[in-house]
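Engineer: Residue 1 is where the sequence shown starts when you use my numbering, and the numbers rise one by one after that.
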Amino acid sequence: MTTHKILIVEDEEHIAEVLIAYCKQQGYCTEHFNSGQDVVNFVKNNHVDLILLDLMLPDVDGITLCKEVRLFSNVPIIMVTAKSEEIDRLLGLNLGADDYICKPFSPKEVIARIQAVLRRTQQTKMNIIYQSGFEVHKEDYVALLKGKDIGFTAVEFKIFLLFISQVGRVFTREDIINAIYNQALDMSDRNIDTHIKNIRKKINEIEEGVNPISAVYGVGYKFKEIL
Ligand code: CA
1 MTTHKILIVE DEEHIAEVLI AYCKQQGYCT EHFNSGQDVV NFVKNNHVDL ILLDLMLPDV
61 DGITLCKEVR LFSNVPIIMV TAKSEEIDRL LGLNLGADDY ICKPFSPKEV IARIQAVLRR
121 TQQTKMNIIY QSGFEVHKED YVALLKGKDI GFTAVEFKIF LLFISQVGRV FTREDIINAI
181 YNQALDMSDR NIDTHIKNIR KKINEIEEGV NPISAVYGVG YKFKEIL
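1. So what's Val6 in DSSP terms, helix, strand or just coil?
2. Ends of the alpha helix (DSSP H) at Ala21?
3. CB Glu225 to CB Leu71, shorter than 8 angstroms?
4. Specify, as a first and last residue, the run of the beta strand (DSSP E) that Phe33 falls within.
5. For Ser84, which residues in the same chain have their Cβ closer than 6 angstroms to its Cβ, ignoring the five residues on either side in sequence?
6. Measure the C-alpha to C-alpha separation of Ile192 and Ser73 and round it to an integer number of angstroms.
7. Answer yes or no: the CB of Leu53 versus the heavy atoms of ligand 1, is any distance below 7 angstroms?
8. Within its chain, find whatever has a CB closer than 6 angstroms to the CB of Gln131; leave out the 5 residues flanking it on each side and keep chain order.
9. In angstroms, rounded to a whole number, what distance separates the CA positions of Met128 and Asp54?
10. The alpha helix (DSSP H) spanning Leu65 covers which residue range?
11. Pull up the distance between the alpha-carbon of Ala215 and that of Leu57, whole angstroms please.
12. In whole angstroms, what is the alpha-carbon distance linking Gln122 and Ile114?
13. Name, in chain order, the residues that DSSP records as bridge partners for Glu135.
14. Mind checking whether Lys202 and Gly151 have CB atoms under 8 angstroms apart?
15. Leaving out five residues before and five after Asp59 in sequence, what residues of the same chain have Cβ atoms less than 8 angstroms from its Cβ?
16. Taking DSSP as the reference, what is the three-state secondary structure of Glu208?
17. Name the two residues that bound the continuous alpha helix (DSSP H) containing Val170.
18. Under 8 angstroms, do Ile111 and Val75 count as touching if we go by C-beta distance?
19. Measuring straight from C-alpha to C-alpha, what distance separates Ile145 and Lys108?
20. Can you look up Ser73 in the DSSP assignment and give me helix, strand or coil?
21. Please determine whether the Cβ atom of Asp79 lies at a distance below 7 angstroms from any heavy atom of ligand 1.
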């Protein structure tokens with residue numbers, strides 16, 4: 001079994017200590033930050049399985065951090081707030097957090113929530129990609145933008161999945177053909193261009209002006225994160 005790494009962002013020292021102790025007891029390894037400034041960089045450069053994120057931090061607040069992390073990562077986030085009445089407001093902000101816990105909490109409850117979120121995300125993580133407002137259900141051949149079905153054909157879906165699975169990577173037309181067809185029967189470069197055109201058109205039917213697939217001159221195409 002692999003050890004889960006929990007990132008604890010908490011400026012109240014005694015709370016952090018208790019959380020770290022309970023996480024360790026549970027067999028998780030932990031990383032602790034008592035402020036927000038280094039969190040985004042850390043998550044970009046290190047593997048983290050879950051973030052326990054305090055809302056009120058001395059520098060960058062938890063809401064901003066949650067939004068920043070969501071721009072590039074689907075890592076599970078549990079937000080911790082000192083005010084229970086704030087949870088409704090947080091939910092309304094659609095931050096993409098996986099759960100909310102209110103202080104004061106019992107460490108046992110926190111562990112139970114962590115376990116639940118990890119279980120849930122592990123089940124879905126294999127099959128769904130969340131990226132730049134898109135939600136791609138690999139097994140169902142369904143891609144959503146802002147919750148609406150884009151309506152890709154099977155081929156369009158495969159191309160889109162290829163791009164969104166490797167954000168930023170440039171694919172040549174040949175890469176695309178090799179990746180989506182077992183035998184490159186009569187697929188030509190122009191076919192690929194047509195599919196890309198249709199993919200863009202369907203995305204724009206849901207949201208005008210959104211174009212995550214950009215052409216790389218003389219090479220091919222890539223998926224560019226929408227910030
Ligand atoms: Ca705090």
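Glycine included, every Cβ here is placed at the ideal spot set by N, Cα and C.
As the structure is a prediction and not an experimental result, all values here were calculated from the model.
Structural biologist: Let me spell this out:
1. Here the sequence assigns Ile to residue 6, which means Val is not the residue at that position. DSSP places Ile6 in strand when its eight states are reduced to three.
2. Glu13 to Gln25
3. yes
4. Cys29 to Phe33
5. Cys102
6. 29 angstroms
7. no
8. Ile164
9. Per the sequence presented here, residue 128 reads as Ile, with Met not at that position. In a straight line, the C-alpha of Ile128 is about 27 angstroms away from that of Asp54.
10. Gly62 to Arg70
11. 41 angstroms
12. 12 angstroms
13. Tyr130 and Leu144
14. yes
15. Ser35, Gly36 and Gln37
16. coil
17. Not the alpha helix (DSSP H): Val170 falls in the beta strand (DSSP E), residues Val170 to Thr172.
18. no
19. The sequence as given places Leu at residue 145; Ile does not occur at that position. If I take the Cα positions, the gap works out to 37 angstroms.
20. coil
21. It should be pointed out that residue 79 corresponds to Met in this sequence rather than to Asp. It does not: the Cβ of Met79 is nowhere closer than 7 angstroms to a heavy atom of ligand 1.
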